[in-house]
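Count the sequence shown with our numbering and you get residues 1003 to 1227, in order. Only one structure is covered here, and it is reproduced in the block below.
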Amino acid sequence: MKILIIEDELVLQRSIAQYLTGEGNICSMASTYAQALERLNAYQYDCILLDLTLPDGEGLQILNYLKRMNRTEGVIIISARNSIDQKIEGLSLGADDYLIKPFHLSELNARILAIVRRKSAHGERHIEFHEIRIDLDAKEVLVNGKLVYMTKKEFDLLLYFVSNKGKVISKSAAVEHIWGDDSDMVDSFDFIYTHIKNIRKKLTDAGSRDYFQSVYGIGYKFTEA
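Right, here's the structure in full:
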C-alpha cells in the first residue's frame, strides 16, 4: 500500500515510516501543509495519516481539500487533541478514523489495514475479478483456485490495476505507486513494462485471460473490453 504521512514531528514521522515500511508499505512524507498539498496534487494514495497541527496550516483544511476534489483515500487523523468536538469535526469532514497520540504503531497499522480493506474491497478480505482472486491478508493471487507466485512488487502492481480496473494508469503513476518517494530517482519507466509482462505471463500460464491493455503513449489499463 501507498501511505502519505503528514506529520511535522520528524521523530514520530520517521518512526511511523520505518514501522510501516517494515510491514511492506510504501511511505511518502510531508512535514508542512504546503508539502502535503504538493504530494496530493501529484499522486494518489491508499491511506493518509494526517496531523491536525501543521506549521503553516491546519490539517482540517486538507480534509476540506480532499472532499472538494472527491478523493477516495482513507484518512486517519493522528492528533494530540483529545477534544470530542475536534473528533466530530474531523470525522464529519470525511476522516475515517481518529487516533490520539501517543499510540502503538501496531494499532495504527491495524487501523490502516481495516480502512483500506473496507474501501478497496467493501470490507472483504479478498478481491475477485472473474477467475482471478487476490487475498489481501495472505497477499496471494489465485487463478481458478490455483496459487500463482508473485513478487511483492508484482502483487502490489496487480492489486493497484485491479482496484482501478477500467482506468488508464500512466507509467509514472505505476512507478510512483510501487517505489514511492524513490520514484524521483528512476531514470526510465521501462522496467514497468517488464513487471507487467511478467504478471501477464504468470496469469495466462495459470489459465487467466489477459486483461492488460496498452494505451499508446500513456500506460496501461486493466479491463475486459
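All C-beta atoms, glycine included, are put in the ideal place defined by N, C-alpha and C.
Span separating the alpha-carbon of residue i from that of residue j
{"i": "Lys1089", "j": "Glu1011", "result": "20 Å"}
{"i": "Ala1102", "j": "Leu1093", "result": "It is Ile, not Ala, that sits at residue 1102 in the sequence shown. Approximately 14 Å, taken between the alpha carbons."}
{"i": "Val1217", "j": "Lys1169", "result": "11 Å"}
{"i": "Leu1068", "j": "Asp1212", "result": "34 Å"}
{"i": "Glu1226", "j": "Thr1074", "result": "24 Å"}
{"i": "Leu1107", "j": "Val1013", "result": "13 Å"}
{"i": "Arg1041", "j": "Gln1020", "result": "19 Å"}
{"i": "Asp1098", "j": "Ile1080", "result": "11 Å"}
{"i": "Leu1205", "j": "Val1145", "result": "7 Å"}
{"i": "Gly1219", "j": "Glu1091", "result": "43 Å"}
Beta-carbon gap between residue i and residue j smaller than 8 Å
{"i": "Met1003", "j": "Val1118", "result": "yes"}
{"i": "Ile1194", "j": "Lys1223", "result": "no"}
{"i": "Asp1053", "j": "Glu1025", "result": "no"}
{"i": "Ala1038", "j": "Ile1064", "result": "yes"}
{"i": "Leu1062", "j": "Ile1007", "result": "no"}
{"i": "Gly1221", "j": "Ile1171", "result": "yes"}
{"i": "Asp1058", "j": "Ala1036", "result": "yes"}
Outcome for residue i when other beta-carbon atoms lying within 10 angstroms are tallied against a minimum of 16
{"i": "Asn1027", "result": "buried"}
{"i": "Met1071", "result": "exposed"}
{"i": "Met1187", "result": "For Met1187, the predicted structure reports a pLDDT of 47, less than 50, and the residue's modelled location is therefore unreliable. The matter cannot be settled from this model."}
{"i": "Asp1207", "result": "exposed"}
{"i": "Gly1125", "result": "Because the pLDDT of Gly1125 is 49, which lies under 50, any placement of that residue in the model is unreliable, and the number read from its coordinates should be weighed accordingly. Answer is exposed; the Cβ neighbour count stays below 16."}
{"i": "His1197", "result": "buried"}
{"i": "Leu1022", "result": "buried"}
{"i": "Ala1076", "result": "Looking at the sequence provided, one finds Gly at residue 1076 rather than Ala. Per the 10 Å Cβ criterion, buried."}
{"i": "Ala1176", "result": "buried"}
{"i": "Glu1178", "result": "buried"}
{"i": "Leu1149", "result": "exposed"}
Identified DSSP bridge partners for residue i
{"i": "Glu1060", "result": "Thr1055"}
{"i": "Val1077", "result": "Ile1050"}
{"i": "His1197", "result": "DSSP, once it has assigned bridges, lists no residue as partnering His1197."}
Any C-beta of chain B under 8 Å from that of residue i
{"i": "Leu1054", "result": "Absent here is chain B; the protein component of the structure consists of one chain."}
Using 8 Å as the threshold, is the region 1104-1120 in touch with the region 1150-1164, meaning 3 or more CB pairs across them?
no
At least three beta-carbon pairs within less than 8 Å, the region 1129-1136 to the region 1041-1052
no
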